[in-house]
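Listed in order, the protein sequences are those of chains A and B. Counting the first sequence from 1 gives a position; my numbering is that position plus 62. Counting the second sequence from 1 gives a position; my numbering is that position plus 62. Ideal Cβ positions, reconstructed from N, Cα and C, are used throughout, including at glycine. Everything on this sheet refers to the single structure shown next.
2 protein chains.
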Amino acid sequence: MPSPQRLATLRHYFPLTRWLSDYQRSDFISDLIAGMVVGVLLIPQGMAYAFLAGLPPQYGLYAAIIPLLIYALLGSSRSLAVGPVAIASLMVGSTIADATASGLGDPVSIAINLSLLVGTILICLRILQLGSIVNFMSHSVISGFTSAAALLIGVSQLRHLTGLAIPNDGFITDSLGFLLQHLSSINGITLLLGLLGLLVLWFCKAKLAGILSRSPLPDWLIQPLCRAGPMFAMIISILFVASSGLAQHDQIAIIGKIPQGLPVIGLISIDLQLWQQLLTPAILIALIGFLESVSVGTTLASRERERIDPNKELVALGAANLGAAFSGTYPVAGGFGRSMVNFASGARTTIASIIAALMVAITVSFLTPLFYYLPKAILGAVIIMAVLPLIDIHAFRASWTFNKADALTMFSTFIAVLTLGVELGILCGIGISFLLFIYRSSQPHIAVVGRVGNSQHFRNVARHEVTTDKHILAIRVDESLYFANTRFVEDFIRAQCASRREVEHVIMICNAVNFIDASALESLENLTLQLASEGVTLHLAEVKGPIMDRLQQTTFLQQLSPGQVFFTADEAMCALTKATAEGQPSKGQLS
Amino acid sequence: MPSPQRLATLRHYFPLTRWLSDYQRSDFISDLIAGMVVGVLLIPQGMAYAFLAGLPPQYGLYAAIIPLLIYALLGSSRSLAVGPVAIASLMVGSTIADATASGLGDPVSIAINLSLLVGTILICLRILQLGSIVNFMSHSVISGFTSAAALLIGVSQLRHLTGLAIPNDGFITDSLGFLLQHLSSINGITLLLGLLGLLVLWFCKAKLAGILSRSPLPDWLIQPLCRAGPMFAMIISILFVASSGLAQHDQIAIIGKIPQGLPVIGLISIDLQLWQQLLTPAILIALIGFLESVSVGTTLASRERERIDPNKELVALGAANLGAAFSGTYPVAGGFGRSMVNFASGARTTIASIIAALMVAITVSFLTPLFYYLPKAILGAVIIMAVLPLIDIHAFRASWTFNKADALTMFSTFIAVLTLGVELGILCGIGISFLLFIYRSSQPHIAVVGRVGNSQHFRNVARHEVTTDKHILAIRVDESLYFANTRFVEDFIRAQCASRREVEHVIMICNAVNFIDASALESLENLTLQLASEGVTLHLAEVKGPIMDRLQQTTFLQQLSPGQVFFTADEAMCALTKATAEGQPSKGQLS
């Protein structure tokens with residue numbers, strides 16, 4: 063029996079041990095069913111995604127064994143389904159294509175090195191406490207990227223559905239152009255098979271549940287049956303191809319021989335030149351994979367009123383990817399589709415993942431000969447059905463109504479990924495989201511404010527019934543003052559003063575000013591001087607503590623004099639109204 | 063006599079005509095003196111800067127004739143001295159070196175094309191109303207860039223001061239390394255001459271005024287005499303070299319023959335491939351030149367309680383650069399040093415610039431043979447003395463005390479320019495300033511606030527004496543809510559709620575929230591749900607008009623319910639205090 067302290071440590075590092083402490087028989091049955099459903103989905107998807115990554119199909123299965131077991135031990139999400147996923151596979155595929163073109167090795171060794179780098183990067187992010195770096199990828203960038211990647215993935219599968227050697231260089235126009243030019247050469251049987259596959263998959267996903275619910279089948283069986291669509295499609299197509307003899311006459315492309323046996327844990331040769339080339343894609347794969355896993359994990363956890371721990375996820379996914387590297391395969395992540403299936407099928411803990419991994423292990427060990435006749439067109443259909451829901455037109459429309467900048471970011475990321483490729487596209491999207499953010503804050507909202515009724519509250523004169531004093535101009539700048547907007551703010555205040563000749567005092571209400579940088583400080587100094595030369599005194603009000611601390615280290619407060627820094631806008635208004643009312647010679651009286 | 067309307071138009075487009083309407087004889091005398099002082103400075107500087115740009119010396123003089131006349135007509139600054147400037151010359155030099163290395167033509171035709179592009183870009187910026195783009199280059203970036211460029215310029219002149227063929231590839235370490243390796247091969251006479259030149263220049267600049275002020279010379283003569291240091295140094299060195307016969311024995315490098323005559327207005331051949339390569343440097347030269355001109359112009363104008371018009375400056379500088387192109391020379395800008403001299407010498411209008419241009423024109427037409435014996439070491443010394451004041455260590459120290467991020471930007475730009483070159487360096491600096499801005503706003507200041515005394519004012523509990531209610535957590539987020547900080551804010555609020563079990567209401571005071579993007583909206587929706595599941599209600603207060611307009615277009619306000627949006631923090635606090643006091647079952651009572 064371990065000591066309580068050791069137990070706590072164990073539970074801290076291995077969330078599974080915590081869940082097992084009150085694990086019931088019924089939990090296990092739930093996990094068993096969910097695990098089997100996911101396993102049945104994982105086998106076709108694994109093979110299909112390996113294809114997408116430009117690897118032989120067994121590597122997709124290898125990626126669905128050891129990484130799953132590792133995640134099951136370390137992961138903080140009960141129902142996240144880790145393994146080969148569509149988007150990461152696409153990114154791995156484009157990286158492998160680039161790296162092999164530069165003569166940096168064979169696809170498999172590149173994939174292994176990528177896994178190693180992805181795992182290392184994730185664990186480094188944890189050690190350096192930099193997990194929050196994913197926050198810099200905005201929702202809109204990810205959404206635009208995902209839609210574009212899904213479209214690219216869908217189009218890339220047209221080669222398997224048509225039997226045409228469509229160039230797969232990541233440029234959608236090339237692929238579609240080639241398709242249109244070679245319409246007459248399409249392999250009719252392949253196309254038919256592919257379309258039938260799509261039909262079966264769609265039927266299982268969209269219609270089967272409705273039909274079965276009217277049958278005498280028990281409810282707990284209906285859900286798994288509907289999820290097994292890809293497996294049905296595979297089995298039917300294998301039987302059809304094997305019996306028809308179409309494959310023997312090369313009329314249909316099949317998977318062929320898959321080596322039997324579990325992946326062998328191996329050593330990895332270190333190639334610094336290769337790592338240098340793989341570093342950027344590895345960072346992107348790591349970040350996107352982590353982000354997808356955390357967001358799916360958070361969504362599922364919140365449905366059970368639980369939370370996942372992003373730090374634990376960094377470690378768990380990092381270790382899972384190292385596991386992928388040492389079992390000789392390509393990077394993994396938590397996938398959207400299978401996690402949803404896992405959750406919906408009732409997974410209680412990561413035991414479900416262990417069941418799924420065992421099913422895949424059994425398949426790899428004994429059943430690969432059964433897949434000999436599996437047509438590639440069916441794998442293509444499986445991929446297409448898996449990625450279609452990721453194309454999210456609704457998100458674009460929703461963000462257009464709420465925030466044009468978000469919609470613009472989403473759309474430009476989408477276009478950038480389609481035209482510049484996956485890697486450059488997402489970097490572009492991140493850059494655009496940054497630029498738009500800076501652009502927005504470079505033209506801040508500035509309101510002229512007045513007192514609301516008799517309160518101490520000041521609001522925009524254009525929006526509320528407020529009282530103002532014609533000798534006092536109170537403005538509120540709704541942005542921090544920094545290099546990109548100082549001139550804008552300066553110009554606004556100058557223009558306001560120029561159009562209101564009676565103004566003697568300008569109060570700048572700084573409750574929305576969160577910092578002032580060196581450029582803005584200089585601009586304020588200039589503004590103070592220029593206003594003074596026109597007989598106008600600048601005052602500040604509601605300056606925040608951290609800013610005040612810094613201003614006190616400079617000579618600005620002396621330069622501001624006779625202008626003052628008031629604690630509140632109310633105090634400023636009272637003091638200045640009194641001062642002008644007490645018959646200080648106002649500009650108006652002088653001229 | 064033109065109609066009043068035409069006169070107004072004339073005055074609008076040609077600020078000089080406005081100033082001439084009350085131009086006095088005394089104004090002309092001031093302009094004449096200032097123009098002659100600037101002219102005397104312009105002749106050696108023009109030749110020296112042409113050198114820096116990798117062009118024969120006469121091109122620096124050409125750049126000081128027609129562009130000055132054009133600016134004199136169109137410019138809105140009375141005392142800005144346009145012409146060849148150090149930093150633009152360095153940038154032109156590095157561009158020319160790159161372009162000639164790529165075999166894109168001879169230095170002069172590249173320089174002419176650069177002028178054409180720079181002029182066109184500036185005028186396009188005016189037409190597209192994009193002049194404010196320069197605001198995106200922060201003060202710190204420009205300061206770091208200027209210091210590094212000045213250092214690069216200084217080091218580049220060591221070849222003229224030592225007579226060594228120091229490689230001038232823009233990498234300071236290469237130059238210094240070469241210098242150290244070849245210390246023994248330094249040309250002693252050249253070095254001596256250069257150091258003497260520096261001594262004379264320094265003496266005229268720093269000491270002469272003090273000595274002359276004690277002499278019987280009239281005051282109006284002292285200032286011009288001190289400014290003529292470069293001219294003195296040139297004349298003395300020419301006399302020395304010509305009489306000593308050193309140049310005949312190749313012991314000292316001299317300027318040699320300069321073609322006599324004014325620049326010929328010519329046509330420019332269009333070379334799209336060249337333009338493509340020159341575009342990025344041209345944009346940077348245009349922006350930096352514009353920024354330098356506007357900031358010098360603004361500084362000088364504010365000393366006379368005037369303002370310059372950035373839009374007019376775009377047109378004036380654009381036209382001046384087109385003038386440079388058609389007179390066959392390289393880009394110009396408003397320079398810091400000569401403008402200061404122009405102002406200090408009493409320039410009243412741009413007539414001073416016309417005088418200076420005429421002096422240069424006379425020199426080019428008749429006096430170039432006099433410069434035959436001018437040693438290059440003296441030109442090097444002139445450049446070094448001109449750029450030394452641009453190395454601004456004080457600015458770095460000042461920004462370090464006020465704002466570490468600014469200091470970091472300045473320092474990294476400085477290092478980037480020195481290590482990556484002028485162009486990439488400044489782009490890097492801009493990128494860093496953007497990233498730091500986003501990084502800063504990704505970890506916003508969040509304050510738990512309470513009521514100040516009996517006022518309606520709420521401030522940070524950590525900084526002020528305030529009263530709070532243990533059932534109500536009022537927080538103020540000092541930043542807009544957007545993708546980079548949503549998780550940070552969410553985590554802060556959750557952590558606060560977790561540590562204060564009695565909290566029933568969270569009021570998020572949004573007076574510093576200037577916008578909410580789609581990522582943040584989703585995060586707020588999640589937060590509302592999660593807090594609700596813990597029995598805590600989220601409320602908003604002081605939401606700004608523009609944000610409220612947008613929120614009303616979404617379903618968020620329904621999701622927030624029973625949470626409310628209060629007009630002020632005060633109202634929120636009153637309403638919620640009353641609600642909890644009225645015996646609504648609080649969490650504490652329930653558990």
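Taking the straight line between their C-alpha atoms, what separation do you get for L613/B and H601/B? 14 Å
Output needed in chain order: residues of the segment 582 to 594 of chain A with a Cβ under 8 Å from some Cβ in chain B. Residues of the segment 582 to 594 of chain A with a Cβ closer than 8 Å to any Cβ of chain B, in chain order: L583, E584, N588, L591 and Q592.
Taking its Cβ as the centre, do 16 or more other Cβ atoms sit within 10 Å of L638/B, making it buried, or is it exposed? Residue environment for L638/B: buried (at least 16 other C-beta atoms within 10 angstroms of its C-beta).
Starting from the beta carbon of E541/A, find every residue of chain B whose beta carbon is closer than 7 Å, and list them in chain order. N576
Who pairs with A509/B in a beta bridge, going by DSSP? R538/B
Which of the three DSSP states, helix, strand or coil, is assigned to A44/A? Residue 44/A cannot be examined here, being either before or after the span of chain A that is shown, 63 to 653.
Less than 7 Å separating the Cβ of A125/A from some heavy atom of the ligand GTP? Ligands are entirely absent from the displayed structure, and the ligand GTP is therefore not among its contents.
Using only the alpha-carbon positions, how far apart do F398/A and P321/A sit? 29 Å
Nearest-angstrom beta carbon gap, S407/A and A96/A [assumed within contact, 8 Å]: 4 Å
For a contact meaning CB atoms closer than 7 Å, what does D281/A contact in chain B? Simply none; closest approach about 28 Å.
Anything in chain A within Cβ reach of H201/B, meaning under 7 Å, just list it in chain order. F545, A580, S581 and E584
Contact with chain B by Q67/A, beta-carbon distance below 8 Å: no
Restricting to Cα atoms, I'd like to know which of Y392/A, A641/A, T529/A and S495/A is closest to N197/A. Ranking Y392/A, A641/A, T529/A and S495/A by Cα distance to N197/A puts S495/A first.
Quick check on the burial criterion: 16 or more other C-beta atoms within 10 angstroms. Buried or exposed for D611/B? exposed
Measuring alpha carbon to alpha carbon, tell me which residue in I417/B, V565/B and C288/B is nearest F90/B. I417/B
In angstroms, rounded to a whole number, what distance separates the CA positions of I332/B and I172/B? 11 Å
Please determine if the segment 377 to 394 of chain A and the segment 114 to 129 of chain A are in contact, where contact requires at least 3 C-beta pairs separated by less than 8 Å. yes
Neighbour list for R549/B in chain A, Cβ cutoff strictly below 8 Å: S194 and N197
When the Cα of V539/B is compared with those of T530/B, V528/B and R521/B, which residue comes out closest? Of the candidates T530/B, V528/B and R521/B, the one whose C-alpha sits nearest the C-alpha of V539/B is R521/B.
Nearest chain A C-beta to R502/B closer than 8 Å, yes or no? Yes - at least one Cβ of chain A is within 8 Å of the one on R502/B.
Beta-bridge partners of T529/A, as assigned by DSSP: R513/A
Going along chain B, which residues have a C-beta under 7 Å from T616/A? Within chain B, F464 have C-beta atoms less than 7 Å from the C-beta of T616/A, given in sequence order.
Is N573/B close to chain D? Criterion is C-beta to C-beta, closer than 8 Å. This model lacks chain D altogether, as its protein chains are A and B.
So, under 8 Å CB-CB, I158/A and A211/A are touching, yes? Tell me the CB distance rounded to an integer number of Å. 16 Å between Cβ atoms; not a contact.
Check V568/A in the structure and name its three-state DSSP category. strand
Per-residue contacts from D468/A into chain B (C-beta, under 7 Å): D579 and A580
Quick check on N383/B: buried or exposed, where buried means 16 or more other Cβ atoms within 10 Å of its Cβ? The residue is buried, with at least 16 neighbouring Cβ atoms inside 10 Å.
Quick one: give me the first and last residue of the alpha helix (DSSP H) that N588/A is part of. A580 to S595
Under 7 Å Cβ to Cβ from T590/A, same chain only, skipping five residues before and after it: list those, please. Excluding residues within five positions, the ones whose Cβ falls inside 7 Å are L600, Q621, L622 and G625.
Please tell me whether E485/B and T342/B are closer than 8 Å, where the distance is taken between their beta carbons. yes
Would you mind telling me which residues of chain A sit closer than 7 Å to T630/B, beta carbon to beta carbon, in chain order? Against T630/B, the close residues of chain A are H519, in the order they occur along the chain (beta-carbon pairs closer than 7 Å).
If we cut at 8 Å on Cβ distances, does G206/A have a partner in chain B? Interface annotation, G206/A: not in contact with chain B, CB-CB separation never under 8 Å.
What span of residues does the alpha helix (DSSP H) with R73/A cover, start to end? P66 to Y75
Within 8 Å, strictly: CB atoms of I327/B and N175/B: no
Can you find a C-beta in chain A that's less than 8 Å from the C-beta of K606/B? yes
Counting only runs of 4+ residues fully inside the segment 137 to 187 of chain B, write out the alpha helix (DSSP H) ranges in chain order. 148 to 163
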